[in-house]
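Position 88, counted from 1, in the sequence shown is what UniProt numbering calls 88; the numbers after and before it change by one each time, with no gaps. Positions of the beta carbon are idealized from the N, C-alpha and C atoms, including for glycine. Written out below as structure tokens is the structure these notes cover.
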Amino acid sequence: MTPELTERYSPLHQAHVDAGASFTDFAGWQMPVRYSSDLAEHHAVRTAAGLFDLSHMAEIRVSGADAAAYLDYALAGKLSAIALFQAKYSLILNAAGGIVDDVVVYRTGETEFLVIANAGNHYPALEALTKRAARFDVTVTDESDDTALIAVQGPNSLAILQATVGLTATDDLAALRYYRAMTGTFGEVPVLIARTGYTGEDGFELYVPVAEALALWNALTVAGAGHGLVPAGLASRDTLRLEAGMPLYGHELSVATYPAQAGLGRVVNLAKETDFIGRAASEEGPQAGSAVLVGLVSAGKRAGRASYDVYRTADAHTPEGMITSGALSPTLGHPVMMAYVSPSIARLGTEVFVDVRGTRIPATVTALPFYSRKP
């Protein structure tokens, strides 16, 4: 059962207030949307580093003898195949093949995993994972209220972590590969350090007990002072993930969306030997002619936004698609959008028209992502 939503605050809330942040409601949480300007924070992440509070995210521990087999059943991927301290992007599907949530899963032990769910899907994800555990020897524990999540994203993120007083990793941070994690400590408390993120840049995410979150935030801020680190809010996070072609639940993903429509068919492992929730529906797939997710680029400065219609021609009367996310790209200097469109206009290079407040703006179907960082 989903608890009644009440206004919630991050354990770092006062630090955000002190830094002059503006706030927005996100899944019942008051979270910083910006500190200075969206553009400045976006560019800082692309060129130096940004510091994000992600403590609204959900952390769900899965432990027990059947943990790996259980996750193979509960999720669309084959989680039993990942190595110790490897991370994997996966999906919680419903029986009809729709997406309940997209998650990142860390293997933290032979029989222990940490599932990271979206803030807005905290309780649907927890409910699904709990119900699916019934016939397995596993324990599903919601650790969200006890865990803070801080991310450092950008090309200077490694140097900042290495300079953070009190933060010690169990191994060489520089050798940590993308979508891998390691344990560490901050002072005397354990920290999980993961090289993951949602910005398209190199970066790290640090899971720390709530009581130590402020001290870690402050230590990272001091360490980053000489590396261009700035606090960054949800507005810049959204334009960063859009440039990187990363889907956002509630925009590109929903329970009405099949993974194949969103370009996530590869995440659904139909080759695994065991059954999983949503398998039969995934094997059948979406109906012929169902909309598919594409990238769109256009010239000028006017970007299509979520819910704007997409047309085949400048004078067509019936829309054949809808924008799910869009913005004037701070990095690229032109509008970028993601949209669900009819397969008949989804081919790369196809010209379509986006209705931007009554004006049909030409746009071109392009491959995702719009931006990729240089190695």
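Taking the continuous alpha helix (DSSP H) assigned at residue i, which residues delimit it?
i: Thr221; result: Ala213 to Gly224
i: Thr47; result: Asp38 to Thr47
i: Tyr70; result: Ala67 to Ala74
Tell me whether residue i sits in a helix, a strand or coil according to DSSP, three-state version.
i: Lys131; result: helix
i: Tyr207; result: strand
i: Leu51; result: strand
i: Leu234; result: helix
i: Thr239; result: helix
i: Arg266; result: helix
i: Val17; result: helix
i: Leu84; result: coil
i: Thr6; result: coil
i: Tyr258; result: coil
i: Leu12; result: coil
i: Leu176; result: coil
i: Leu253; result: strand
i: Met246; result: coil
i: Tyr123; result: helix
i: Ser372; result: coil
What are the boundary residues of the beta strand (DSSP E) that includes residue i?
i: Tyr106; result: Ile99 to Gly109
i: Ser90; result: Ala87 to Leu93
i: Ser282; result: Run containing Ser282: none in the beta strand (DSSP E); it sits in the alpha helix (DSSP H), Arg279 to Glu284.
i: Ala58; result: Ala58 to Ser63
i: Ala117; result: Glu112 to Ala117
i: Asp25; result: Ser22 to Phe26
i: Val365; result: Thr359 to Thr366
i: Asp355; result: Glu351 to Val356
i: Gln30; result: Trp29 to Arg34
With which residues is residue i paired in a DSSP beta bridge?
i: Met182; result: Ile193
i: Tyr198; result: DSSP lists no partner for Tyr198.
i: Thr229; result: First, the residue type needs correcting, since residue 229 is Leu and not Thr in the sequence shown. In DSSP, Leu229 forms a bridge with Ala49.
Pull up the distance between the alpha-carbon of residue i and that of residue j, whole angstroms please.
i: Arg302; j: Val354; result: 10 Å
i: Tyr308; j: Glu320; result: 11 Å
i: Ala232; j: Thr274; result: 42 Å
i: Ala58; j: Ser344; result: 38 Å
i: Ala194; j: Ala316; result: 48 Å
i: residue 442; j: Val294; result: No answer is possible for residue 442: the residues shown for the chain start at 1 and end at 375.
i: Arg8; j: Ala119; result: 11 Å
i: Asp102; j: Lys78; result: 14 Å
i: Lys88; j: Phe113; result: 11 Å
i: Thr364; j: Tyr198; result: 25 Å
i: Ala125; j: Ala133; result: 12 Å
i: Tyr311; j: Val268; result: 31 Å
i: Ala235; j: Leu176; result: 28 Å
i: Met1; j: Pro190; result: Model confidence at Met1 stands at a pLDDT of 44, short of 50, so the residue's coordinates are unreliable; what they give is reported in the following sentence. Near 31 Å, if we compare the C-alpha coordinates of Pro190 and Met1.
i: Asp202; j: Gln162; result: 14 Å
i: residue 377; j: Arg107; result: Outside the shown range of the chain, which is 1 to 375, sits residue 377, and nothing can be said about it.
i: residue 409; j: Arg360; result: Here the chain has residues from 1 to 375 only, and residue 409 is not among them.
i: Glu143; j: Pro362; result: 47 Å
i: Leu75; j: Ile92; result: 5 Å
i: Thr350; j: Leu264; result: 22 Å
i: Thr147; j: Gln153; result: 19 Å
i: Ala44; j: Ala281; result: 43 Å
i: Trp217; j: Gly28; result: 22 Å
i: Val356; j: Ala68; result: 48 Å
i: Leu39; j: Gly224; result: 19 Å
Curious, which full-length beta strand (DSSP E) runs of at least 3 residues does the region 136-171 contain? 139-142, 147-153 and 167-169
With a floor of 3 residues, list each beta strand (DSSP E) that falls wholly inside the region 275-349, ordered by position along the chain. 292-297, 309-311, 321-328 and 335-341
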